[in-house]
Amino acid sequence: MGEPKMVVDILTLFPEMFTGPFDASIIKRAREKGLVEINLINIRDFSRNKHRTVDDTPYGGGAGMVMAAEPLFEAMDWIRARRGEPGRVILLCPAGRPFNQEVAAELAREKHLVLICGHYEGIDERVAEHLVTDEISIGDYVLTGGELPAMVVVDAVCRLIPGVLGERASAQEESFADGLLEYPHYTRPREYRGYRVPEVLLSGHHEKIRLWRRRQSLLRTLASRPDLLARASLTGEDRKILASVLEEIKS
Ligand SMILES: Nc1nonc1C(=O)N[C@@H]1CC[C@H](O)C1
Numbered sequence: 078m079g080e081p082k083m084v085v086d087i088l089t090l091f092p093e094m095f096t097g098p099f100d101a102s103i104i105k106r107a108r109e110k111g112l113v114e115i116n117l118i119n120i121r122d123f124s125r126n127k128h129r130t131v132d133d134t135p136y137g138g139g140a141g142m143v144m145a146a147e148p149l150f151e152a153m154d155w156i157r158a159r160r161g162e163p164g165r166v167i168l169l170c171p172a173g174r175p176f177n178q179e180v181a182a183e184l185a186r187e188k189h190l191v192l193i194c195g196h197y198e199g200i201d202e203r204v205a206e207h208l209v210t211d212e213i214s215i216g217d218y219v220l221t222g223g224e225l226p227a228m229v230v231v232d233a234v235c236r237l238i239p240g241v242l243g244e245r246a247s248a249q250e251e252s253f254a255d256g257l258l259e260y261p262h263y264t265r266p267r268e269y270r271g272y273r274v275p276e277v278l279l280s281g282h283h284e285k286i287r288l289w290r291r292r293q294s295l296l297r298t299l300a301s302r303p304d305l306l307a308r309a310s311l312t313g314e315d316r317k318i319l320a321s322v323l324e325e326i327k328s
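If you read the sequence shown in my numbering, its first letter stands for residue 78, the second for the next number, and so on.
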C-alpha cells in the first residue's frame, strides 16, 4: 500500500465517537484502499497533570469550563514530530467559516489535515491564535462538541479524494460543481403503488433525458435555493430553459 493521498489527524476527547461513521461504507473503503489515513488522537493523553484534566475555570469568571491550551499544544508537537507541519489545522466552531462544497474541495487538495474538536464553553484563545490555520463552522447552531462537525468535514472531503468514490463520482459532483441542486433519481420498479417513473427516463432517448435532468436541476434550484442559482455557472442552454420556465409560470 503506497503513501495515503491524505492524512487526517483528529484531536478529540471522545475517539470512540468516530468508530461507527469511519468504520463503515465509503470512509472505511477509502481507509482500506489506503487513500486516506484517519488517526484519532485523544487530547487527554497529552494532559500533563496527574488527574489528566484538560479543562479549567475561565479567567475573568463566568459559568462553564474552558478547554486548556497545554494538551493541544503538546498534541501538536507530537503530530509535528511524527509527520511534520500539517497543511491545515482546523478548529471546528460556530464562529468559523461556513463549510460548503467549495471549502470541502479546497481541503481535499491538502496532504495532511488536523481537526481539533472543542468541548465545553470553548477553547483557550491561544490555541486559535497560535495553532489554528482555519476555523470552520458546519452551521449556525451550537453543538455539545466538535466531533460531529469533524465527521461531516471528513465525510465531505474524503469523498472528493480521487479513487474514493470510484466511477460513481459523476452526477452529484457535476450538479454541485456548477452550483445547482441535483435532479430527481428513480430506480426499479417503473410503477410502485401507482407512482410512476417519468416517461422520459424510460425512453432511452439520452439527449431528452439530459435536458429533462438539467431542467429539473434548474427548477429545483430556482424553487429551493435561488441564492445558489444567482451564483451558478449557467450555460446559454440553461438560460433558455429558465426563460421557458418563467414563461410557463407567467402563463
Ligand atoms: N456549529 C458548529 N460547527 O462547528 N462546530 C460547531 C459547534 O457548535 N461547536 C461546539 C460549540 C461549543 C463546543 O465547544 C463545540
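For every residue, glycine included, the Cβ atom is placed at its ideal position computed from N, Cα and C.
Under 8 Å Cβ to Cβ from residue i, same chain only, skipping five residues before and after it: list those, please.
i	result
R28	Since the first residue shown for the chain is 78 and the last is 328, residue 28 is missing from the structure and cannot be characterised.
T37	Examination of residue 37 is not possible in this model, given that the chain is present from 78 through 328 alone.
I104	P98, V113, I115, V231, D232 and C235
Y263	V274, P275 and L278
G199	V143, M144 and C170
Quick check on the burial criterion: 16 or more other C-beta atoms within 10 angstroms. Buried or exposed for residue i?
i	result
T298	buried
E109	exposed
V320	The amino acid at residue 320 is misidentified as Val; the sequence shows Ala. A320 comes out exposed.
E202	exposed
E224	buried
I213	buried
P163	buried
A172	exposed
I215	buried
W306	In the sequence on display, residue 306 carries Leu and not Trp. Per the 10 Å Cβ criterion, buried.
G281	exposed
G256	buried
G139	exposed
G195	buried
Hey, how far is the Cα of residue i from the Cα of residue j?
i	j	result
E276	L258	22 Å
V113	N119	19 Å
M83	L242	15 Å
V85	E187	10 Å
E284	Y260	15 Å
T312	R291	11 Å
D217	L295	27 Å
L288	S328	22 Å
Y197	G222	7 Å
Y272	I156	55 Å
R125	D154	14 Å
G137	P303	45 Å
L237	L184	9 Å
A182	E324	36 Å
R316	A309	11 Å
A101	I326	45 Å
Q293	E314	13 Å
R106	A158	28 Å
R174	I286	38 Å
F176	A300	23 Å
Looking only at its chain, what residues have a beta carbon closer than 6 Å to the beta carbon of residue i, apart from the 5 residues adjacent to it on each side?
i	result
V166	V191, L208, V209 and T210
A146	D201, R203 and V204
H189	V84, P163 and G164
P81	G111, V113 and E114
Within a Cβ cutoff of 7 Å, which residues of the same chain sit near residue i, ignoring the five residues on either side of it in sequence?
i	result
A152	L88, I118, I120 and F123
G240	K110 and L112
### Task
State whether the region 94-107 contacts the region 214-233, with contact taken as three or more CB pairs (one from each stretch) at a distance under 8 Å.
yes
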